[in-house]
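Working notes for the structure below.
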Amino acid sequence: MEEETKNYSAPQRDGVLDVTWETIVKIVFSLVALYFFFLIRDIIIWFIFALIISILFNPAINFLKRLKIPRTLATILVYLALFSILAIGLYFLIPFLFLELQTFTDRLPEYFTQTAPYLSGLKIKALESFDTFSQTIGDVLTDASSNIFSAVSTVFGGVLSTFSIFAIAFFLSLEEEGIANVIELASPARYKKYVKSLWKRTQKKIASWFGVRIICCIFIGFAAGLITFVLNVPYAVFFGLLAGFSNIIISIGPFLSGLTIALFILAVAGFSKALIFVIAFFIAQEIESYVLMPILTKKYLRLSPSLVLISLLVGAKLWGVLGAVLAIPLAGMIYEFIKGFLKRKQGAES
110 MEEETKNYSA PQRDGVLDVT WETIVKIVFS LVALYFFFLI RDIIIWFIFA
160 LIISILFNPA INFLKRLKIP RTLATILVYL ALFSILAIGL YFLIPFLFLE
210 LQTFTDRLPE YFTQTAPYLS GLKIKALESF DTFSQTIGDV LTDASSNIFS
260 AVSTVFGGVL STFSIFAIAF FLSLEEEGIA NVIELASPAR YKKYVKSLWK
310 RTQKKIASWF GVRIICCIFI GFAAGLITFV LNVPYAVFFG LLAGFSNIII
360 SIGPFLSGLT IALFILAVAG FSKALIFVIA FFIAQEIESY VLMPILTKKY
410 LRLSPSLVLI SLLVGAKLWG VLGAVLAIPL AGMIYEFIKG FLKRKQGAES
């Protein structure tokens, strides 16, 4: 009887959870590490976006290096060229944008009257009359100005983060294969060479894709601005910038920007000019898709519109407009890296 009792109680002892001190230390260390990464999450985001910027600049830096220019000097020249182009662009565009903004403000009552028949069906109280619309805008501006201190801190915080990100990107660009060596070091022994070669191929594809997208955005922005200017539609500069920036979102961006511009032209200039704009803008999109992109690169990275849109929203949430733009090549880099590993795994299994 005693022997049966001993045999019956043995499984109960085996079922007791045995937690060693080593396991407790590992759990505590993991929690501390997670909390530490949570505290420095902003710095991690800065580093990721800085890494993307350095990858996008690498082709230009490597091109100058092939011309026997030292990498440090080549990096300085590339970054100076970027900021110079941005400064010159803003210098010439801002006066036109201010002029168009002033014109739009002066003619806002006229535009509201012209679009009132289309807005009446929305049943929105703020759009019932121009006085109600003006009062609503005034209330919004008053609420925004009451929180001026937080707005100022947000602006200065954005300037600080932007400076920090470009500073980190600059120092990452100085190292030719710093990130590649770190990734190789952290990889398993049998994957070291493959991971390093995959990383280099991914960088080239991402930089090529992003460079092509920038050129296409400039082309579409110039085309939209030129079409509206030829049709004698006001705000050609603004519409060109709108079409150019939105073109970074494949398929969805051009559709939304083209629809917005066409509706405005329809409301203020009539059906015939709106139809002409739609046809001309469609032709410009076809030239970009079937002529410009194949000429610039034969093997460019193809990203689905859904992946681009999701990465755009995540990047905008993390770091505003520039984050939205940089999140797209980041998503492409992760996608290409995972795809490379899956292909290698399938090849090994077969």
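With our numbering as the guide, the letters of the sequence shown map in order to residues 110 to 459.
From the three backbone atoms N, C-alpha and C, an ideal C-beta is built for every residue, glycine too.
Predicted, not measured: the structure shown is a model, and the values here were computed from it.
Spatial neighbours of F275 in its own chain (CB-CB distance under 8 angstroms, excluding positions within 5 residues in sequence) are listed in chain order as A159, I162 and Y188. Of F319, I392, L368 and K382, the smallest CA-CA separation from T337 is found for K382. Contact check for G349 against G334 passes: the beta carbons are separated by less than 7 angstroms. A436 places its beta carbon 7 angstroms or farther from that of L416. Where Y399 is concerned, there is no enclosing alpha helix (DSSP H), because DSSP gives it neither an H nor an E. In this structure A316 is in contact with I164, their Cβ atoms being roughly 6 angstroms apart against a cut-off of 8 angstroms. Nearest in C-alpha terms to I152, of all of S420, A278 and I361, is A278. The criterion of a C-beta distance shorter than 7 angstroms is not satisfied by A433 and L418.
Under the DSSP assignment, R322 falls in the alpha helix (DSSP H) whose first and last residues are K301 to V339. Excluding residues up to 5 positions away in sequence, E397 and L401 lie with their Cβ nearer than 7 angstroms to the Cβ of F328 in the same chain. DSSP, read as helix, strand or coil, puts P218 in helix. Counted as a single uninterrupted DSSP element, the stretch harbouring K177 is not any alpha helix (DSSP H), since DSSP gives it neither H nor E. By the neighbour-count criterion, in which a residue is buried when 16 or more other Cβ atoms sit within 10 angstroms of its Cβ, T181 is exposed. With distances taken between CA atoms, F280 lies nearest to I185 out of A142, A332, I185 and L451. When the beta-carbon positions are compared, Q223 and A378 stay at least 7 angstroms from each other. Your pair C326 and F354 checks out as a contact, with CB atoms roughly 7 angstroms apart and the cut at 8 angstroms.
CA-to-CA, the gap between A352 and S139 works out to about 47 angstroms.
Rounded to the nearest whole angstrom, the CA to CA distance from F156 to F221 is 46 angstroms. F386 places its beta carbon less than 7 angstroms from that of I374. Selection F364, A425 and E209 evaluated against E395 yields F364 as nearest (Cα-Cα). Take the alpha-carbon of K174 and the one of P168: they are about 10 angstroms apart. As the crow flies, the alpha-carbon of N341 is around 41 angstroms from that of L269. Nearest to F331 by C-alpha distance, out of W308, T132, N356 and F450, is N356. Between M442 and T271, the C-beta spacing is not below 7 angstroms.
In this structure, P343 and E209 form a Cβ contact; the two beta carbons are roughly 7 angstroms apart against a cut-off of 8 angstroms.
With fewer than 16 other Cβ atoms inside 10 Å of its own Cβ, F380 counts as exposed.
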